[in-house]
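Everything below concerns the one structure shown next.
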Amino acid sequence: LRSTEDYNYANYHTLNEINSFIDMLVQENPGFVSKIVIGKSYEGRPLNVLKFSTGANRPGLWIDTGIHSREWVTQASGTWFAKKIVTDYRRDAELTDILNKYDIFLEIVTNPDGFQFTHTTNRMWRKTRKPNSGSSCIGVDPNRNWDAGFGGAGASSTPCSETYRGPSANSEPEVKAIVDFVKSHGKIKAFVSIHSYSQMLLYPYGYTQTPCKDQAELHELARKAVTALSSLYNTQYRFGSIINTIYQASGGTIDWTYNQGIKYSYTFELRDTGRYGFILPANQIIPTAQETWLALMAIMKHTKDNPY
Amino acid sequence: KETFEGHQVLRITALNEAQINLLKELSENEHLGLDFWMDPVDVSLPVDVRVPFNSLQDVRAFLGYHEIHYEIMIQDLQDLINEEQREILQSKALQ
Numbered sequence: 006l007r008s009t010e011d012y013n014y015a016n017y018h019t020l021n022e023i024n025s026f027i028d029m030l031v032q033e034n035p036g037f038v039s040k041i042v043i044g045k046s047y048e049g050r051p052l053n054v055l056k057f058s059t060g061a062n063r064p065g066l067w068i069d070t071g072i073h074s075r076e077w078v079t080q081a082s083g084t085w086f087a088k089k090i091v092t093d094y095r096r097d098a099e100l101t102d103i104l105n106k107y108d109i110f111l112e113i114v115t116n117p118d119g120f121q122f123t124h125t126t127n128r129m130w131r132k133t134r135k136p137n138s139g140s141s142c143i144g145v146d147p148n149r150n151w152d153a154g155f156g157g158a159g160a161s162s163t164p165c166s167e168t169y170r171g172p173s174a175n176s177e178p179e180v181k182a183i184v185d186f187v188k189s190h191g192k193i194k195a196f197v198s199i200h201s202y203s204q205m206l207l208y209p210y211g212y213t214q215t216p217c218k219d220q221a222e223l224h225e226l227a228r229k230a231v232t233a234l235s236s237l238y239n240t241q242y243r244f245g246s247i248i249n250t251i252y253q254a255s256g257g258t259i260d261w262t263y264n265q266g267i268k269y270s271y272t273f274e275l276r277d278t279g280r281y282g283f284i285l286p287a288n289q290i291i292p293t294a295q296e297t298w299l300a301l302m303a304i305m306k307h308t309k310d311n312p313y
Numbered sequence: 104k105e106t107f108e109g110h111q112v113l114r115i116t117a118l119n120e121a122q123i124n125l126l127k128e129l130s131e132n133e134h135l136g137l138d139f140w141m142d143p144v145d146v147s148l149p150v151d152v153r154v155p156f157n158s159l160q161d162v163r164a165f166l167g168y169h170e171i172h173y174e175i176m177i178q179d180l181q182d183l184i185n186e187e188q189r190e191i192l193q194s195k196a197l198q
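In order, the protein sequences belong to chains A and B.
Heads up: the first sequence begins at 6 in the numbering used here, then just goes up one per residue.
Heads up: the second sequence begins at 104 in the numbering used here, then just goes up one per residue.
Structural data, given as structure tokens:
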């Protein structure tokens with residue numbers, strides 16, 4: 006492909022194609038978009054993060070897509086978001102205002118080893134690809150591997166389980182890289198981790214029934230974001246804390262980010278409910294990304310308007 | 104390459120806490136090779152589970168015996184994956 010204009014956003018793509026897209030986007034937008042490699046996966050693949058920035062020393066907004074490799078609509082939506090940001094900057098007043106005050110960080114393929122595996126060997130692979138000593142089963146659920154209630158209820162200690170938490174918190178390089186990045190940055194103000202497919206917008210906590218101290222505000226913002234999302238195609242979302250809306254889950258991403266002081270910590274479950282699961286047809290990628298973008302904008306705008 | 108011929112994805116609707124507990128028991132049967140896409144947690148949420156062909160009879164018998172309602176969400180997972188692959192290749196060819 007010659008440019009990101011030629012990229013087919015309405016189709017699923019391999020890891021190489023997505024990485025080429027990232028490089029093209031950087032090349033086409035010098036001084037605005039850059040690529041940061043925050044680490045390497047277990048199999049040695051770069052953990053690429055796109056940085057959208059219009060100035061120095063800005064606070065940051067983080068978005069990651071596809072920590073669970075089989076959730077293909079998530080990585081595909083992330084690619085669409087990247088293009089949307091460069092298209093709308095200086096055209097959309099709200100996004101421009103956000104980008105004049107904040108950097109946006111976007112990790113499109115959070116689990117590249119797993120994603121590659123879904124394209125080559127097992128379409129239904131969810132976890133990382135690190136072997137587990139003493140077991141023939143491979144991989145850790147990277148959304149149970151964070152240092153927030155790690156090892157508690159709602160995660161498995163069995164390496165063969167799809168929700169295996171790993172031997173210790175941050176044992177997975179894909180998780181550790183984000184942890185190191187967030188800590189070293191020090192000014193991430195919103196953190197959105199995107200999954201699919203059960204149509205939910207969730208906030209902390211997952212590992213405990215104790216409400217987080219900002220629950221009232223996070224709940225209202227979730228309502229606003231979901232309302233914006235539904236306004237496009239009337240897609241119905243549930244929202245609430247992880248433990249009350251879906252299930253108890255320990256060692257989850259946004260519980261850790263919230264405990265680090267990132268107030269606006271959310272996780273999405275994108276389309277679909279009850280028809281295709283992880284095999285969502287490609288013709289639903291753009292509608293999914295479009296509606297999700299409205300919710301992301303609501304969260305980013307609220308973060309901008311409510312500095313802390 | 105792992106294939107999923109004959110695997111079905113069932114959408115199970117539990118009516119009460121007792122049925123949720125039965126589904127949790129089912130999920131602990133490792134020999135069935137079940138892959139829960141949505142776990143049994145609460146009656147307000149559906150349970151989606153990928154069932155390998157060899158376990159279909161056992162799982163359906165279990166659900167039937169306990170009168171737990173289910174529908175077939177995906178009839179043959181590999182068919183859908185093949186369709187996805189066709190779409191990807193076709194789109195690339197067009198491009």
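Where a beta carbon is used, it is the ideal one built from N, C-alpha and C, also for glycine.
Computed from a predicted structure; not experimentally measured.
Chain A contact residues for residue i, given Cβ-Cβ distances below 8 Å
i, result
"D142/B", "Y252"
"K104/B", "T125, T126, N127"
"L183/B", "Y281, I284"
Range of the contiguous beta strand (DSSP E) that encloses residue i
i, result
"Q111/B", "111-116"
"S198/A", "193-201"
"T272/A", "269-275"
"L52/A", "51-57"
"S39/A", "38-45"
Interface partners of residue i on chain A, CB under 7 Å
i, result
"Q198/B", "N13"
"L118/B", "Neighbours of L118/B on chain A: none; closest Cβ ~17 Å, over 7 Å."
Residue i vs residue j beta-carbon contact at 7 Å
i, j, result
"V112/B", "D142/B", "no"
"A303/A", "A233/A", "yes"
"S74/A", "E179/A", "no"
"S235/A", "V78/A", "no"
"S173/A", "T272/A", "no"
"Y14/A", "L6/A", "no"
"S82/A", "A294/A", "yes"
"T100/A", "D108/A", "The identity of residue 100/A in the sequence shown is Leu, whereas the question assumes Thr. Result no, Cβ atoms of L100/A and D108/A do not sit closer than 7 Å."
"D146/A", "K132/A", "yes"
"D260/A", "A158/A", "no"
"G171/A", "N150/A", "yes"
"Y238/A", "E167/A", "no"
"Y208/A", "S255/A", "no"
"I123/B", "Y173/B", "no"
"V207/B", "V144/B", "Missing from the structure shown is residue 207/B; chain B here goes from 104 to 198 and no further."
"F283/A", "E33/A", "no"
"L206/A", "A230/A", "yes"
"A182/A", "I72/A", "no"
"P292/A", "K192/A", "no"
"E112/A", "V54/A", "yes"
"T106/B", "Q160/B", "no"
"F196/A", "S270/A", "yes"
"E274/A", "S161/A", "no"
"F26/A", "T70/A", "no"
"I191/B", "R128/A", "no"
"K195/B", "T126/A", "no"
Contacts of residue i in chain B (Cβ-Cβ under 8 Å)
i, result
"E167/A", "D138, F139"
Bounding residues of the alpha helix (DSSP H) (the contiguous stretch that carries residue i)
i, result
"R153/B", "Segment 150-154 is the beta strand (DSSP E) holding R153/B; no alpha helix (DSSP H) there."
"S194/B", "180-197"
"N21/A", "20-33"
"S1/A", "With chain A represented from 6 up to 313, any question about residue 1/A goes unanswered, as that position is not in the structure."
Per-residue contacts from residue i into chain B (C-beta, under 9 Å)
i, result
"F17/A", "Per the sequence shown, the amino acid found at residue 17/A is Tyr instead of Phe. What Y17/A touches in chain B: E187, E190, I191, S194."
Any non-hydrogen atom of the ligand MG within 6 Å of residue i CB
i, result
"G282/A", "With respect to small molecules bound, the structure shown includes none, and the ligand MG cannot be examined in it."
Residue i at chain C interface by Cβ criterion, 7 Å
i, result
"A221/A", "In the displayed structure, chain C is absent; the protein chains listed are A and B."
Closer than 8 Å between beta carbons: that is the criterion. Which residues of the segment 147-164 of chain B meet it against chain A?
Answer in chain order: L148, P149, D151, R153.
Taking any Cβ of chain B, which residues in the segment 193-213 of chain A have a Cβ under 9 Å from it, in chain order?
Hits within the stretch, in order: Y202, S203.
Residue ranges of each alpha helix (DSSP H) run of no fewer than 4 residues wholly in the segment 69-116 of chain A, ordered along the chain?
The qualifying runs are 77-93, 98-104.
Under 8 Å, CB to CB, which of the residues in the segment 280-309 of chain A have a partner in chain B?
Cβ contacts with chain B come from R280, Y281, G282, F283, I284, P286, A287.
Ranges of the alpha helix (DSSP H) found wholly within the segment 106-168 of chain A, counting only runs of at least 4
Here the runs fully enclosed are 117-125.
Which parts of the segment 205-289 of chain A are runs of the beta strand (DSSP E), unbroken and 3 residues or longer, counting only runs that do not cross its ends?
Those beta strand (DSSP E) runs which fall completely within the segment 205-289 of chain A and span 3+ residues are 205-208, 243-246, 269-275.
As an exercise, report each continuous beta strand (DSSP E) stretch of at least 3 residues that is fully enclosed by the segment 124-176 of chain B, in chain order.
Secondary structure within the segment 124-176 of chain B: the beta strand (DSSP E) runs of 3 or more consecutive residues, fully enclosed, are 138-141, 150-154 (chain order).
Under 8 Å (Cβ pairs) to chain A, residues found in the segment 166-177 of chain B:
Result list: M176, I177.
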